[in-house]
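Student: Quick one: the structure is below, questions incoming.
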Amino acid sequence: MRQEEVQTAVDWAEQEGWNPGIHDAEAFYAADPEGFFIAELDGEPIGSVSVVNYDEAFAFAGLYILKPEYRNRGYGSRLFAAGMAHAGERNVGGDGVVAMQEKYRTRSGFRLAYRNIRFEGTGGGSEPKIPVDLEEVPFDRLSAYDARHFPAPRPRFLAAWIR
Numbered sequence: 005m006r007q008e009e010v011q012t013a014v015d016w017a018e019q020e021g022w023n024p025g026i027h028d029a030e031a032f033y034a035a036d037p038e039g040f041f042i043a044e045l046d047g048e049p050i051g052s053v054s055v056v057n058y059d060e061a062f063a064f065a066g067l068y069i070l071k072p073e074y075r076n077r078g079y080g081s082r083l084f085a086a087g088m089a090h091a092g093e094r095n096v097g098g099d100g101v102v103a104m105q106e107k108y109r110t111r112s113g114f115r116l117a118y119r120n121i122r123f124e125g126t127g128g129g130s131e132p133k134i135p136v137d138l139e140e141v142p143f144d145r146l147s148a149y150d151a152r153h154f155p156a157p158r159p160r161f162l163a164a165w166i167r
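For the sequence shown, our numbering assigns the number 5 to the initial residue and increments by one for each residue that follows.
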């Protein structure tokens, strides 16, 4: 998938009711541009998947979407297989749609590791006393902090994400 096509996948995610971060796709693409795949039928994009390889041991899968009219026809399975081939022997994490978790487990061998609960809203209370612009934090400190909370180093992702 070319970088200019990534927005198509992000648009599909929004149409599905997902809440992709405003600039997250750019950061993921910077981390592994070869990890984005688009399925086409007669020259028309019909599906996407990303499998971002962070290092030799860990990858993250996302944006796995097939346009509704092309689902349950085998296109998604082939697309997913292409993404998994890109991951190779890496441990692959993902944030799956709840309704698809059983399919991911039985067909692809994934297992539930964590439950994510997301909340959305407008906060109240006082403003934070010390907001910090991440561009002002030394990058090595930011990377060290991130490494304590993420299973693989991701300097290209972080550099794009804080811009």
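All residues carry an ideal CB built from backbone N, CA and C; glycine is no exception.
1. Mind checking His90: buried by the 16 CB within 10 Å criterion, or exposed?
2. With burial defined as no fewer than 16 other Cβ atoms inside 10 Å of the residue's Cβ, what is the status of Ala43: buried or exposed?
3. Given 7 Å as the limit, tell me if Gly87 has its C-beta closer than that to any heavy atom belonging to the ligand ADP.
4. Alpha carbon to alpha carbon, what distance is there between Gln19 and Trp165?
5. Provide the residue(s) that pair with Val55 in DSSP beta bridges, ordered along the chain.
6. Excluding the five sequence neighbours on either side, which residues of its own chain have a C-beta within less than 7 Å of the C-beta of Leu138, listed in chain order?
7. How far does the beta strand (DSSP E) with Glu93 in it reach, from first residue to last?
8. Tell me the DSSP secondary structure of Pro37 in three-state form.
9. Hey, how far is the Cα of Gly92 from the Cα of Glu131?
10. Is the segment 113 to 130 touching the segment 27 to 34, taking contact as three or more C-beta pairs under 8 Å?
11. Spatial neighbours of Val96 within its chain, please: C-beta separation below 6 Å, excluding the five flanking residues on both sides.
Tutor: Quick answer:
1. In the sequence shown, the residue the question calls residue 90 occupies position 86. Counting Cβ neighbours within 10 Å, His90 comes out buried, since at least 16 surround it.
2. Translated into positions along the sequence shown, residue 43 becomes position 39. Ala43 is buried by the Cβ-count criterion.
3. With respect to the ligand ADP, the structure shown offers nothing to examine, as it has no ligands at all.
4. By 1-based counting over the sequence shown, the position of residue 165 is 161. By 1-based counting over the sequence shown, the position of residue 19 is 15. In a straight line, the C-alpha of Trp165 is about 23 Å away from that of Gln19.
5. Along the sequence shown, one-based indexing puts residue 55 at 51. Answer by DSSP bridge pairing, in chain order: Ala65.
6. Taking the sequence shown and counting its residues from 1, one reaches residue 138 at position 134. Contacts found: Leu146, Ile166.
7. In the sequence shown, residue 93 corresponds to position 89, counting from 1. First-last for Glu93: undefined, no H or E at that position.
8. Position 33 of the sequence shown, counted from the start, is the residue given in the question as residue 37. Three-state result, Pro37: helix.
9. As a working mapping, residue 92 is identified with position 88 in the sequence shown. As a working mapping, residue 131 is identified with position 127 in the sequence shown. Going by the C-alpha atoms only, they are around 45 Å apart.
10. no
11. Counting from one through the sequence shown, the residue named residue 96 turns up at place 92. Within the same chain, Val96 has close Cβ partners Ala63, Ala65.
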